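Following: one structure in structure tokens, then a few remarks.
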Amino acid sequence: MSEHHAVAHHTEAHAHGHDHHGHDGHHELGFIRKYIFSEDHKTIAKQFLVTGIFWAIIGALLSVLFRIQLGYPNADLTWMKPFLGKWITEEGQIAPEFYNALITMHGTILVFFVLTAGLSGTFSNFLIPLMVGARDMASGFINMLSYWFFFISGAVMFVSFFLATGPASGGWTAYPPLNALHDASSGGVLGVDYWLISMALFIVSALLGGLNYITTVINLRTKGMKMFRLPLPIWAFFLTAVIGVLSFPVLLSAAILLLFDRNLGTSFYLDAINLAGEPLANSGGSPILYQHLFWFLGHPEVYIIILPAMGIVSEVLSVHSRKPIFGYTAMIYSLLAITVLSFIVWAHHMFMTGMNPFIGSIFVIFTLIIAVPSAIKVFNWLTTLWKGDIRLNPQMLFAIGFVSLFISGGLTGIFLGNSSIDIRLHDTYFVVAHFHLVMGVAAFFGMFAGVYHWFPKMFGRYLNPTLGYIHFWGTISAAYLIFYPMHFEISLPRRYYTHSGFETFSDFAHLNAFISTVAIISFALQLLFVFNFFYSIWYGRKLRESNPYGANTLEWTTPLRPGHGNWEGDIPEVHRWPYDYSKHGRDFIPQTEPLSQYEIEHGEHGDEGDRDIIKKEEDENHKG
Amino acid sequence: MEAVATTNAKDLWSGGDSPFKVSYGKIMMWYFLISDTFTFAGLLISYGAIRTSQPKHDAANPLSWPDPNEVFNAGPGFHNAPLIFVTFMTFTLILSSVTMVRAVQEGHQMNRSGVLKWMAFTILGGLVFVGSQAWEWSHLIEEGMTPHGNPFGASSFGALFFLITGFHGFHVSVGVLLNSWAFISTYRGVFDRRGHYEMIEKLGLYWHFVDLVWVYVFLAFYLF
Ligand code: HEM
Ligand SMILES: [Cu+2]
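Chains A and B are the protein sequences, given in the same order. Each residue of the first sequence is one higher than the one before, starting from 2 at the first, in this note's numbering. Each residue of the second sequence is one higher than the one before, starting from 2 at the first, in this note's numbering.
As structure tokens, then:
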């Protein structure tokens, strides 16, 4: 039977020049086509994940270095000289230019390479086809290109570390005029050009990926998979891709203009500037223009980072509380609201640019409105947990941790969103605390939840749960110990190389040392996770049942180790939404199971209680 | 029962719902064009922001925004004819959109020679446009316009002009390349064997888009 279908695909594939294959075993692909230039969405997902882990280690290592500088400004680091060369001064200190490069690269790498490519790239790729019931992405080839553009973009960024004048060092936001001039900083000499080229390639990668995610969700859903039967992660990935496709191009324009200003003598962002006492010829541009273009991407970008995490967490919370997600439709509408609103709040990053206070107040209002859908989501997560039959496995812990962090970081967002308060808080550690909790660490927790949850589907083995518990409790403690105290550093400006030169800042010396110590411990903990990850790929406990968590979604209907094409026979048909847990006295009802005779689908007319339906069914059985 | 519904391999691949009744390739092209719109919008908004910060045209002020009639008043072999050459360029580009529509129609009829004929005209139109642009650029460069200087007035005019027309010209050039590739594939009968000329339709979408963007570029630099 399945043999017959496989043959059918192949004829189809040739007749229409389609780019899909049934399942492997029929086609033996060579090592290169199978693992390197693979078009299988599952392999591409793993490529994104492993590359993301690589960048996460680099990015976190950079933060350890700058935290050493902030926490122990006088420590003797001469022992690092063999590795870092001239970036360690004669006195054994981190060189100031190097510090700037560290924070710049840390931000860039984590925001773009880890939490955008590593997160969306991994889970959109892995889960979209599996959860919507498709054999692969709409275009496997474009999908493969998306990964390789990401790879090359990373390679360019990596090479910039080895430039004699160092990588970009003007902040992950790359504001002009600092970043528009070659001679204003050492990172500006060449590093920023590498940075811009790398970003341009990254944007291409994000667009290619996003186009695929969008089309796959729209066009390749299996029979019965209506939009309102999609699992929440899919909605989240879909809208993330929409945001990316609409906002990344604007960053591309911004980057092109900046490249021109740097290398062709234009003055898009430059006007009336003195460099080292000498006036420059540039005139007529505006550095604020760049900020607008940048933040038109920049703000949506933070939602590009958090939406996938939200989707993953919604799924994990529901599966492991054995309860339907609370407010499925409300979840979708709040995702949609966030998507739309995320495009009209960008100037809250610019309250201090001297903008007209009236315009500022409009952005304040939109910013505060965006808190509403976010709060709805939090409410729904908490209510999903309420009276659930909770399994506290590592993925569930990380999902709950996500909710906690998202609340903690989100609350400070409400302060910052008010321009009158932001004027006081802008560019202080309060902001650093805010965005690390709400975006940085929270998105990581979403990602961890996803990795622990789907690892068995990805690699056919489980991660070690004991290491998982240590990882969770260590990381959540570290996250709060690092970032909670930063809320008190509201008189400490961010991005300063040292605070020791100013009397007012000396109060924070001990606190900074404490934060740095915890940061270093937390880095070690993440290495423990990396160890667990690679160890378990080869030596973890084997997955033996196809649906280990009793989940409803389609990925658990595939074989233990699905090949290219995902299902061996037909693609399953879908008959219901994905969250029928603890319904009609049953633990779970997979999406593939047709509604029983008197069953009302979730969300359909009326809310006839479960009990009535069961009773009707029982009556029926008695009669029969 | 389920098996019956899915024995047709095509259903198997394309899933159950296709709300827009469009193939994935066209949806992808549409979303790409939307995203490209945002790239151009970013550039054109920058144009607007910078331009409105400069003094309005004023013959007495050498730093004011230049008068397009003065800047663009020549063509190959003629002078003092404001905007004539760009009118020709614009007309060529629009004509090439018309021929593109014809190519798509012929594709629907599965008429290979028709597609070839109209694609050839479209490619020709694109080449003439890019060629004219090259001429205009080199002419302006000769007259002293650079990304950082402009004998006719505000220097940002030069920068914006080269940037935005360059980016548009790049799009046209890519279009010409893709169209030529489609022309060769048509000639080889690739689409006949595939059973449809959807590729020509997708390229048509792109080509019309590039044409449409030109209208805005034209308005920004040549008319206002
Ligand atoms: C291991 C935990 C982390 C620690 C200890 C840490 C530490 C820091 C510190 C202290 C700063 C401020 C540097 C300065 O102002 O001089 C910073 C900046 C930043 N971090 Fe982290 N970070 C961590 C994880 C993350 C994550 C997960 C993200 C991903 C979103 C992230 C993104 C950023 C960004 C975007 C900046 C701003 C860079 C800049 O403005 O120069 N960080 N980090
Ligand atoms: Cu924002």
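Using N, Cα and C, we set each Cβ at its ideal position, and we do this for glycine too. Here the structure is a predicted model, which is why all the values come from computation and not from measurement.
Discussion item. With a threshold of 8 Å between beta-carbons, can F130 of chain B be considered close to chain A, or not?
Written reply: Counted from its first residue, the second sequence places residue 130 of chain B at position 129. Judged by the 8 Å Cβ criterion, F130 of chain B is not in contact with chain A.
### DSSP three-state assignment for N419 of chain A, whether helix, strand or coil
To locate residue 419 of chain A, count along the first sequence from 1; it is residue 418. Coil at N419 of chain A, not helix or strand.
Worksheet item: Per DSSP, L276 of chain A forms a beta bridge with which residues?
Response: What you label residue 276 of chain A is simply residue 275 of the first sequence in a count that begins at 1. Residue pairing of L276 of chain A in beta bridges, as defined by DSSP: A:E279.
Distance cut-off 7 Å: H435 of chain A Cβ against heavy atoms of ligand 2: Residue mapping note: residue 435 of chain A aligns to position 434 of the first sequence, counting from 1. No, Cβ of H435 of chain A sits at least 7 Å from all heavy atoms of ligand 2.
### Task
Taking all protein chains shown into account, decide if Y223 of chain B is buried (16 or more other Cβ within 10 angstroms of its Cβ) or exposed.
Residue numbering aside, residue 223 of chain B sits at position 222 when the second sequence is read from its first letter. Residue burial annotation: Y223 of chain B is buried, with at least 16 other C-beta atoms found within 10 angstroms of its C-beta.
Short CB-CB distance (under 8 Å) between I142 of chain B and chain A: For this step, residue 142 of chain B is matched to residue 141 along the second sequence. At a cut-off of 8 Å between beta-carbon atoms, I142 of chain B makes no contact with chain A.
**Prompt:** CB-CB under 6 Å to D41 of chain A, same chain, minus the five flanking residues each way: which ones, in chain order?
**Reply:** Residue mapping note: residue 41 of chain A aligns to position 40 of the first sequence, counting from 1. If we look at D41 of chain A and ignore the five residues flanking it on each side, its Cβ neighbours are H565.
**Request:** Return the residue from the list B:W208, B:L206, B:S186 and B:G196 that minimises the CA-CA distance to H109 of chain B.
**Result:** In the second sequence, the residue the question calls residue 109 of chain B occupies position 108. Among B:W208, B:L206, B:S186 and B:G196, the Cα nearest to that of H109 of chain B belongs to B:G196.
Q. Is the shortest distance between the beta-carbon of V246 of chain A and the beta-carbons of chain B less than 8 Å?
A. Mapped onto the first sequence, residue 246 of chain A falls at position 245. Taking Cβ atoms only, chain B reaches closer than 8 Å to V246 of chain A, which makes this a yes.
message = Within 8 Å, do at least three Cβ pairs link the segment 93–110 of chain A to the segment 280–295 of chain A?
response = Result no; under three Cβ-Cβ pairs closer than 8 Å.
Q) Buried or exposed: where does A552 of chain A fall if 16 or more other Cβ atoms within 10 Å of its Cβ makes it buried? A) Here residue 552 of chain A is taken as the residue at index 551 of the first sequence, counted from 1. Label assigned to A552 of chain A: buried.
Next item on the list: Anything in the segment 146–178 of chain B with a Cβ closer than 7 Å to a Cβ of chain A? List those residues in chain order, please.
Entry: Correct list: P148, H149, A155, S156, S157, A160 and L164.
### Query
For H27 of chain A, which of helix, strand or coil comes out of DSSP?
Position 26 of the first sequence, counted from the first residue, corresponds to residue 27 of chain A. Low confidence applies here, because H27 of chain A scores a pLDDT of 47, under 50, leaving its location unreliable; read the following figure in that light. In the structure shown, H27 of chain A sits in coil (DSSP, three-state: anything other than H, G, I, E or B).
Next on the checklist: For Y304 of chain A and T187 of chain B, I'd like the C-alpha separation in whole angstroms.
Outcome noted: The sequence position of residue 304 of chain A within the first sequence is 303, counting from 1. The sequence position of residue 187 of chain B within the second sequence is 186, counting from 1. If I take the Cα positions, the gap works out to 44 Å.
**Prompt:** Does the Cβ of F530 of chain A have 16 or more other Cβ atoms within 10 Å, making it buried, or fewer, making it exposed?
**Reply:** Counting from 1 along the first sequence, the entry for residue 530 of chain A is found at position 529. Counting every other CB atom within 10 Å of its CB across the protein chains shown gives F530 of chain A a total of 16 or more, marking it as buried.
- Task: Grab the span of the beta strand (DSSP E) containing R587 of chain A for me, first residue to last.
- Result: Translated into positions along the first sequence, residue 587 of chain A becomes position 586. From DSSP, the beta strand (DSSP E) with R587 of chain A extends over R587 to F589.
*Can you tell me whether P77 of chain B is buried or exposed, with buried defined as 16 or more other CB within 10 angstroms of its CB?*
For this step, residue 77 of chain B is matched to residue 76 along the second sequence. Around the beta carbon of P77 of chain B, fewer than 16 other beta carbons lie within 10 angstroms, which makes this residue exposed.
Inset, instruction - State the Cα-Cα distance for the pair L525 of chain A and F446 of chain A, rounded to the nearest angstrom. - result: In the first sequence, residue 525 of chain A corresponds to position 524, counting from 1. In the first sequence, residue 446 of chain A corresponds to position 445, counting from 1. Checking the sequence, you will find Ala at residue 525 of chain A rather than Leu. For the pair A525 of chain A and F446 of chain A, the Cα-to-Cα distance works out to about 17 Å.
Whose Cβ in chain A lies nearer than 8 Å to the Cβ of A135 of chain B? Counting from one through the second sequence, the residue named residue 135 of chain B turns up at place 134. Within chain A, no C-beta atom comes less than 8 Å from the C-beta of A135 of chain B; the nearest is roughly 18 Å away.
Who are the Cβ neighbours of V365 of chain A in its own chain at under 8 Å, not counting the five residues just before and after it? Here residue 365 of chain A is taken as the residue at index 364 of the first sequence, counted from 1. So the qualifying residues of the chain are H349, G418, N419 and S420.
Is H350 of chain A near ligand 2, going by C-beta to nearest heavy atom under 7 Å? Counting from one through the first sequence, the residue named residue 350 of chain A turns up at place 349. Answer for H350 of chain A: yes, Cβ within range of ligand 2.
Relative to ligand 2, is the shortest distance from any of its heavy atoms to the C-beta of V439 of chain A smaller than 7 Å?
The residue given as residue 439 of chain A occupies position 438 in the first sequence. It does not: the Cβ of V439 of chain A is nowhere closer than 7 Å to a heavy atom of ligand 2.
> For A256 of chain A versus T117 of chain A, is the C-beta distance shorter than 8 Å?
Replying inline: Walking along the first sequence from the start, residue 256 of chain A turns up at place 255. Walking along the first sequence from the start, residue 117 of chain A turns up at place 116. A256 of chain A places its beta carbon 8 Å or farther from that of T117 of chain A.
For R462 of chain A, which of helix, strand or coil comes out of DSSP?
-> Taking the first sequence and counting its residues from 1, one reaches residue 462 of chain A at position 461. In the structure shown, R462 of chain A falls within a strand segment according to DSSP collapsed to helix, strand and coil.
*asked:* Counting only beta-carbon separations shorter than 8 Å, does A185 of chain A have a partner in chain B?
replied: Start at 1 with the first residue of the first sequence, and residue 185 of chain A comes out as number 184. A185 of chain A does not count as touching chain B.
is_contact[I28 of chain B, chain A] using C-beta, thresh 8 Å | What you label residue 28 of chain B is simply residue 27 of the second sequence in a count that begins at 1. So, interface residue.
Using a 10 Å radius around the Cβ and a threshold of 16 neighbouring Cβ atoms, would you call L596 of chain A buried or exposed? Taking the first residue of the first sequence as 1, we reach residue 596 of chain A at position 595. Looking at its Cβ environment, which holds fewer than 16 other Cβ atoms inside 10 Å, L596 of chain A is exposed.
*asked:* Using 8 Å for Cβ pairs, my map puts P579 of chain A next to Q592 of chain A. What's the rounded Cβ distance?
replied: As a working note, residue 579 of chain A is residue 578 in the first sequence. As a working note, residue 592 of chain A is residue 591 in the first sequence. About 5 Å separates the two Cβ atoms, so the contact holds.
Query raised in the report: Any Cβ of chain B within less than 8 Å of the Cβ of L258 of chain A?
Result: For the purposes of this step, residue 258 of chain A is taken as residue 257 along the first sequence, with counting starting at 1. Chain B contact via Cβ: present.
### Message
Between H300 of chain A and ligand 2, is there a pair consisting of the residue's CB and a ligand heavy atom that are separated by less than 7 Å?
### Response
Residue numbering aside, residue 300 of chain A sits at position 299 when the first sequence is read from its first letter. Yes - ligand 2 has a heavy atom lying nearer than 7 Å to the Cβ of H300 of chain A.
- Task: Determine the contact status of G127 of chain B and G176 of chain B, defining contact as a CB-CB distance below 8 Å.
- Result: As a first step, residue 127 of chain B is located in the second sequence; it is residue number 126 there, counting from the start. As a first step, residue 176 of chain B is located in the second sequence; it is residue number 175 there, counting from the start. The answer is yes: Cβ separation under 8 Å.
Candidates A:H488, A:Q527 and A:S492: which alpha carbon is nearest I516 of chain A's? The residue labelled residue 516 of chain A in the question sits at position 515 within the first sequence. The shortest Cα separation from I516 of chain A among A:H488, A:Q527 and A:S492 belongs to A:H488.
So with Cβ pairs under 8 Å, would you call I198 of chain A a contact of chain B?
On the first sequence, residue 198 of chain A is found 197 positions in, with the first residue counted as 1. The beta carbon of I198 of chain A sits no closer than 8 Å to any beta carbon of chain B.
**Asked** Hey, how far is the Cα of W215 of chain B from the Cα of L206 of chain B?
**Response** In the second sequence, residue 215 of chain B corresponds to position 214, counting from 1. In the second sequence, residue 206 of chain B corresponds to position 205, counting from 1. If I take the Cα positions, the gap works out to 14 Å.
For F261 of chain A, go through chain B and note every residue whose CB falls closer than 9 Å to its CB, in chain order. Reading the first sequence from its first residue, position 260 is the one you call residue 261 of chain A. Here the neighbours are P148, A160, F163 and L164.
Q) Tell me which same chain residues have a C-beta within less than 8 Å of the C-beta of G26 of chain A, skipping the five on either side of it? A) As a position in the first sequence, residue 26 of chain A is number 25, starting the count at 1. Note on G26 of chain A: pLDDT 42, under 50, position unreliable in the model; the coordinate value appears next. Excluding residues up to 5 positions away in sequence, G564 lie with their Cβ nearer than 8 Å to the Cβ of G26 of chain A in the same chain.
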